[in-house]
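Protein chains in written order, with my numbering: chain A, 75 to 385; chain B, 75 to 385.
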């Protein structure tokens, strides 16, 4: 078996690159700037040059490299085609083809959220499972679905976009996607802060949240200190997320939900709010699904990218 | 290539068996009684004897048979294990192992609804697609999901059980599954009749539905004749089903929804009620999914079972 693989996670600001051995250990990692000018034409050549240089520096030969995995923002189909990646300027680009012509090793590519989900399955919070849903509660809500150890991309690359699951019929404020009532409007960091402001306006009780900045973190901190309003806010958060994940479960029936993103740093209290509603709304055979926390943080993308080659 | 395969669809009353050629043509089909006594021990031996007899009768040799596919009611895992099939009396039975010892050809097995979905993909309304969701609107609501041409079973065999997608928070009447507010409570044949009764109680307008039996068929027939109450009832049906399928789409992102079951016999009017709500609630990239009608009727199960071997 070839000894090494590279995992590449292309973001709008930087490209993260990791060198892994075939056991899945991260040996070294770096970041380079994402050069987006000229429709992002330089991005993959930059990646290729950097990897060539690192191969030389590490005294590795190309024959020792099993391949390069790449995660990119936006829809990526099963063959690694990107129709449009607005954050990079890319249009109609096939990542494996372009990168494979620059550096002669096998290349695989996927959407960054899906690739990160694969990383959590391979070496993170979902290790030991082949069927999982990764949920990222950050500024927005993202998701990645792994079925039998493989990324589920879907017909348009939108599989697992659970932030845009419709969950509330009575919402008037629009989501970024243009519709109203999406899961992300209540369960992202932004969504929790919005819920909090709306609760505080309608509620007359004292709360530590009436002073200082309101953020997802301040709401969780207040709830940990038994602030009654904060607890009610997170009960509503748990209602939406528990109900939403119950819908996801009856469709793909995962072994485990792996929760990541900034909001997941609140810790186990997260599950205290989600699980009662999940269990209430889930189809009985799915009610005993496991909930775990993502373990790889910002490295999930490079792990998953390497995992596409090595797992 | 071997010339033939058998597709077996085991139901609680009869077992349907089809003989297919390798092109996917159904050459002949039969039904035998499902002998459920003694925990259903005789079912697979009956199938084996019947197939042996048919092979002899058709002057085919076992060497010409590529294999036998089997659909069975209840959860069946990816290896063909059945933990419990209440309708048959089966407990902890591995279909490929038991049947493969009785008749020495490759055997594959899956849940009947999932296998029927595969049948529609292979030779029915989903032909030409590899990612689809089959929706069966019958006495209940069932579903089957095909990803990259393969059945999605899920961790507990419950993937695609979309009849039990939670869709209504304000429901007091329990679904058969023990919870309240499931999609099947509003969009099955039974559910449509229930919606109709509830609308007629609250509404004072004249309607042809106030005389005669109320059934899903009578509601669709009345709507075709412009009965205003029937149209409102089906608008509600379309709201629930459109919203539910939009949730399914943002999870698995299929190319096509294939609608089957007794209710789908209403014809294209079905889509007139579903699509406006589907498009309202679907994540934009999934909004252009195709809707088609199942084509194989009660034969979908034997087609899909043979398809597991031949596709």
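The beta carbon of each residue, even a glycine, is placed where N, CA and C say it ideally should be.
With 7 angstroms set as the bound, which would you pick, yes or no: does the beta-carbon of residue i sit closer than that to a beta-carbon of chain A?
i                      : result
residue 181 of chain B : no
residue 205 of chain B : yes
residue 254 of chain B : no
residue 118 of chain B : no
residue 246 of chain B : no
residue 194 of chain B : no
residue 239 of chain B : yes
residue 191 of chain B : no
With residue i and residue j assumed to form a contact (beta carbons below 8 angstroms), what rounded beta-carbon distance in angstroms separates them?
i                      : j                      : result
residue 193 of chain A : residue 241 of chain A : Residue 193 of chain A to residue 241 of chain A, Cβ: 27 angstroms. No contact.
residue 156 of chain A : residue 140 of chain A : Not quite, the Cβ-Cβ distance comes to about 23 angstroms (not below 8 angstroms), so this is no contact.
residue 365 of chain A : residue 349 of chain A : 7 angstroms
residue 143 of chain A : residue 159 of chain A : Going by Cβ atoms, the distance from residue 143 of chain A to residue 159 of chain A rounds to 17 angstroms, so no, they are not a contact pair.
residue 83 of chain A  : residue 186 of chain A : 6 angstroms
residue 261 of chain B : residue 294 of chain B : Actually they do not touch by this definition, with Cβ atoms about 13 angstroms apart.
residue 211 of chain A : residue 289 of chain A : 13 angstroms between Cβ atoms; not a contact.
residue 384 of chain A : residue 96 of chain A  : 6 angstroms
residue 94 of chain A  : residue 297 of chain A : The Cβ separation is near 39 angstroms, so there is no contact.
residue 333 of chain A : residue 278 of chain A : Wrong, their Cβ atoms sit about 33 angstroms apart, outside the cutoff.
residue 223 of chain B : residue 208 of chain B : About 14 angstroms separates the two Cβ atoms, so there is no contact after all.
residue 114 of chain B : residue 162 of chain B : 4 angstroms
residue 105 of chain A : residue 128 of chain A : About 13 angstroms separates the two Cβ atoms, so there is no contact after all.
residue 232 of chain B : residue 359 of chain A : 4 angstroms
residue 215 of chain A : residue 247 of chain A : Wrong, their Cβ atoms sit about 16 angstroms apart, outside the cutoff.
residue 273 of chain A : residue 306 of chain A : 6 angstroms
residue 259 of chain B : residue 252 of chain B : Actually they do not touch by this definition, with Cβ atoms about 12 angstroms apart.
Could you give the residue range of the beta strand (DSSP E) that holds residue i?
i                      : result
residue 124 of chain B : No beta strand (DSSP E) contains residue 124 of chain B, which is instead part of the alpha helix (DSSP H) from 117-131.
residue 114 of chain A : No beta strand (DSSP E) holds residue 114 of chain A; the alpha helix (DSSP H) holding it covers 111-114.
residue 141 of chain B : 139-146
residue 208 of chain B : 206-211
residue 333 of chain B : 330-334
residue 79 of chain B  : 78-84
residue 89 of chain B  : 88-95
residue 291 of chain A : No beta strand (DSSP E) contains residue 291 of chain A, which is instead part of the alpha helix (DSSP H) from 290-298.
residue 181 of chain A : 181-185
residue 156 of chain B : 155-159
residue 171 of chain A : Where residue 171 of chain A is concerned, there is no enclosing beta strand (DSSP E), although the alpha helix (DSSP H) it sits in stretches over 169-176.
residue 366 of chain B : 364-367
residue 150 of chain B : Looking at the DSSP string, residue 150 of chain B is not in any beta strand (DSSP E), and its letter there is neither H nor E.
residue 134 of chain B : First-last for residue 134 of chain B: undefined, no H or E at that position.
residue 236 of chain B : Where residue 236 of chain B is concerned, there is no enclosing beta strand (DSSP E), given that its DSSP letter is neither H nor E.
residue 217 of chain B : 215-221
Using a Cβ-Cβ distance cut-off of 7 angstroms, determine whether residue i contacts chain B.
i                      : result
residue 230 of chain A : yes
residue 235 of chain A : yes
Quick one: is residue i buried, meaning 16 or more other Cβ sit within 10 Å of its Cβ, or exposed?
i                      : result
residue 75 of chain B  : exposed
residue 375 of chain B : buried
residue 238 of chain B : buried
residue 205 of chain A : buried
residue 136 of chain A : exposed
residue 108 of chain A : buried
residue 101 of chain A : exposed
residue 126 of chain B : exposed
residue 92 of chain B  : buried
residue 188 of chain B : buried
residue 343 of chain B : exposed
Going by DSSP, what residue range makes up the alpha helix (DSSP H) through residue i?
i                      : result
residue 354 of chain B : 343-355
residue 375 of chain B : 374-384
residue 317 of chain B : 302-326
residue 282 of chain A : Taken as a continuous stretch (DSSP letters only), residue 282 of chain A belongs to no alpha helix (DSSP H), as it is neither H nor E.
residue 105 of chain A : Residue 105 of chain A -> not in any alpha helix (DSSP H); beta strand (DSSP E) instead, spanning 100-107.
residue 261 of chain A : 258-261
Does the beta-carbon of residue i, which I'm using as the reference point, lie nearer than 6 angstroms to any heavy atom of the ligand NAD?
i                      : result
residue 128 of chain B : The ligand NAD is not part of this structure, which contains no ligands at all.
Q: Return the residues of the stretch 352-365 of chain B that lie within a Cβ-Cβ distance of less than 9 angstroms from chain A, sorted by chain order.
A: Shown in chain order are the members of the stretch 352-365 of chain B whose Cβ falls below 9 angstroms from a Cβ of chain A: 354, 355, 356, 357, 358, 359, 360, 362, 363.
Q) At a Cβ cut of 7 angstroms, what residues of the stretch 323-344 of chain A count as close to chain B, listed as they run along the chain? A) For chain B, the residues of the stretch 323-344 of chain A that bring a beta carbon within less than 7 angstroms of one of its beta carbons are 324, 325, 326, 327, 328, 329, in chain order.
Q) If you measure beta-carbon to beta-carbon, which residues of the stretch 287-320 of chain A are closer than 7 angstroms to chain B? A) Only those residues of the stretch 287-320 of chain A whose C-beta falls short of 7 angstroms from the nearest C-beta of chain B are listed: 317, 320.
Q. Of all the residues that make up the stretch 215-226 of chain B, which are near chain A by a beta-carbon distance shorter than 9 angstroms?
A. Listed in chain order, the positions of the stretch 215-226 of chain B with a beta carbon within less than 9 angstroms of a beta carbon of chain A are 217, 219, 221, 222, 224, 226.
Q. Which residues, taken in chain order from the stretch 135-165 of chain B, show a beta carbon closer than 9 angstroms to some beta carbon of chain A?
A. The residues in question are 149, 152.
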